[in-house]
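Input: a single structure, listed below in structure tokens.
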Amino acid sequence: MPAFKYKALDEGGKSAAGVIDADSARDARARLRAQGLFAVEVRETEKGISLSTQVNLKALFRRVGTREIAVVTRQLATLLKAGLPLVRSLQAIEEQLGDSPFRPAIIEVREAVNRGVGLADALGKHPKIFTPLYVNMVRAGESAGALDVILDRLAVFNEKSLALQNKVRSAMVYPIFMAVIGVLAVGILLAFVVPTITKVFVETKQQLPGPTLALLAVSGFMKGYWWALAAAGAGAVFLFRRIVRRPAARLFADRLKLRLPVFGPLTRKMAVSRLARTLSILTASGVPILKAMGIVREVVGNEVLARALDGAGEAVGAGKSIAEPLAASGVFPPIVTHMIAVGETSGRLEEMLQNVADSYDGEVENSVVALVSLLEPAMIIALGGVVGFIVFAILMPIFEMNQMVQ
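As structure tokens, this is what we get:
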């Protein structure tokens, strides 16, 4: 279907512009009139380029991030609270987005809603942008007639998730930077500096000590086959990602993650925090508990915990509590299952889950800080050891030459 760029005026005389899919310019004007817009100019975009094609082309280079989704959700909630109709609110957001890759999706959502499609169904046509959690919460908000309240909760949820991610990333920037610089420095030393310095030893045909011979072997391999190392690394990453797509391999990898020293507890805390916060916001928004647990299973990010949720879902379907099967699985910390049990008994499950999420968010931050404080000296020691070995291996033949001269 061709796409048409338009300039129009709304009922209040305010100008509007955008892109609309239509079979012809006449059809585009009719669609604009149905939206309460009076077309001033309608012209077809380049032949063969439709709105869906524009979306796909932009997706190749730019993706809609969590931050953009959080901002748009907050804006939509604010506009609806102010009393603006949904279509007008979506149109205002569309104009605000400018040339963002998010804009074509919002245009399609607005047009679908204007044709009478529910907002949740319209959002569900863009699964790469709007998650099942997002779509189901919007559907619950539409059913309850409290869409603005649900969108506000979604905005808070996205903002908290984004804040935690940013804190973790910020804490890990320095160690990652040090690791990259260290690897590059050692690679340059081995591939270019060491061969130049040790060339004189080879030319004198001096009997070289073991450490120097080992250094020369590693240096020669790095210089001659660095491309093979890079290809092997890329191939290993590709192969690993293909393998872990299989359920058995993914289960094994996720179980291994939870058992790793230092990193295992951090992985568990992050997964529990994500689980508790997601389940809390879904149940508070009126999503049925079984459906909410099914959604949480997809966002928890660990197959071991996801299978424990499957068992809990079966128990709930049989009329039992959530806490007992989660405790029996042995993968959740006791404090989590006890707080869930208290929440079920007192009828405050959403509040208890929110408390669990807030508590574990704080523990994740503290764990990341502690991990970074351990990583930094460990990396310095490791890098110093490698450089020290290189220096030692180069100096040994020099000391032997001096002794021979004396």
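Remember, the working numbering sits 66 above the position in the sequence shown when you count from 1. In this text, a Cβ means the ideal position worked out from N, Cα and C, and glycines have one as well.
Per-residue burial, residue 455 [other beta carbons within 10 Å of its own, 16 or more giving buried]: Flag for residue 455 reads exposed.
Beta-carbon proximity of residue 374 to residue 392, cut-off 8 angstroms: yes
Residues of its chain near residue 445, where Cβ-Cβ distance is below 7 angstroms and the 5 sequence neighbours each way are ignored: Same-chain partners within the cutoff: 241, 244, 245, 248.
Buried versus exposed, by CB contacts within 10 Å (16 or more), residue 461: exposed
Which listed residue (134, 457, 179) has its alpha carbon closest to that of residue 101: Checking every option, the nearest Cα to that of residue 101 belongs to 179.
Among 348, 292, 250, 234, the one whose alpha carbon lies nearest that of residue 201: 348
Per DSSP, cross-strand counterpart(s) of residue 109: 71
Exposure of residue 411, with buried meaning 16 or more beta-carbon neighbours within 10 Å: Label assigned to residue 411: exposed.
Reference residue 236; option with closest CA among 440, 156, 457, 435: 435
Exposure of residue 270, with buried meaning 16 or more beta-carbon neighbours within 10 Å: exposed
Helix, strand or coil at residue 85 [DSSP, three-state]: strand
Cβ-based neighbour list, residue 458, same chain, cut-off 7 angstroms, excluding 5 preceding and 5 following: So the qualifying residues of the chain are 277.
C-alpha gap between residue 130 and residue 226, whole angstroms: 18 angstroms
8 angstroms Cβ cutoff met for residue 220 and residue 139: Result yes, Cβ atoms of residue 220 and residue 139 sit closer than 8 angstroms.
Under 8 angstroms between C-beta atoms of residue 203 and residue 353: yes
Top-ranked residue by Cα proximity to residue 75, from 136, 329, 157: 157
Buried versus exposed, by CB contacts within 10 Å (16 or more), residue 95: buried
Range of the contiguous alpha helix (DSSP H) that encloses residue 169: 169-180
Beta carbon of residue 172 nearer than 8 angstroms to that of residue 163: yes
Through-space distance from residue 300 to residue 216, alpha-carbon basis: Rounded to whole angstroms, residue 216 and residue 300 show a C-alpha spacing of 43 angstroms.
Local conformation of residue 196 per DSSP, three classes: Residue state for residue 196 is assigned as coil, using DSSP reduced to three classes.
Closest Cα partner of residue 417 within the set 343, 394, 332: 343
Neighbourhood of residue 126 by C-beta, 8 angstroms cutoff - its chain only, sequence neighbours within 5 removed: Caution applies to residue 126, whose pLDDT of 43 falls short of 50 and renders its modelled position unreliable; the model cannot decide the point.
Residue(s) in a DSSP beta bridge with residue 104: DSSP, once it has assigned bridges, lists 75 as partnering residue 104.
Of the listed residues 360, 356, 370, nearest to residue 386 (C-alpha basis): 356
Minimum C-alpha distance to residue 379 - residue among 359, 394, 365, 398: 359
Close-in-space but distant-in-sequence residues of the same chain around residue 261 (CB under 7 angstroms, 5 per side omitted): 285, 289
Burial state of residue 132, where buried means 16 or more other Cβ atoms lie within 10 Å: exposed
Cα-Cα separation between residue 229 and residue 259, rounded to whole angstroms: 44 angstroms
Beta-carbon gap between residue 257 and residue 292 smaller than 8 angstroms: In this structure, residue 292 lies closer than 8 angstroms to residue 257 by Cβ.
Helix, strand or coil at residue 301 [DSSP, three-state]: Annotated three-state conformation of residue 301 is helix, per DSSP.
Span of the alpha helix (DSSP H), counted from its first residue to its last, around residue 387: Neither: residue 387 is in no alpha helix (DSSP H) and is coded neither H nor E.
Exposure of residue 159, with buried meaning 16 or more beta-carbon neighbours within 10 Å: buried
Proximity of residue 323 and residue 426 at Cβ, strictly below 8 angstroms: no
Beta-carbon spacing of residue 424, residue 369 below 8 angstroms: no
Whole beta strand (DSSP E) elements within the stretch 318-405, 3-residue minimum: none
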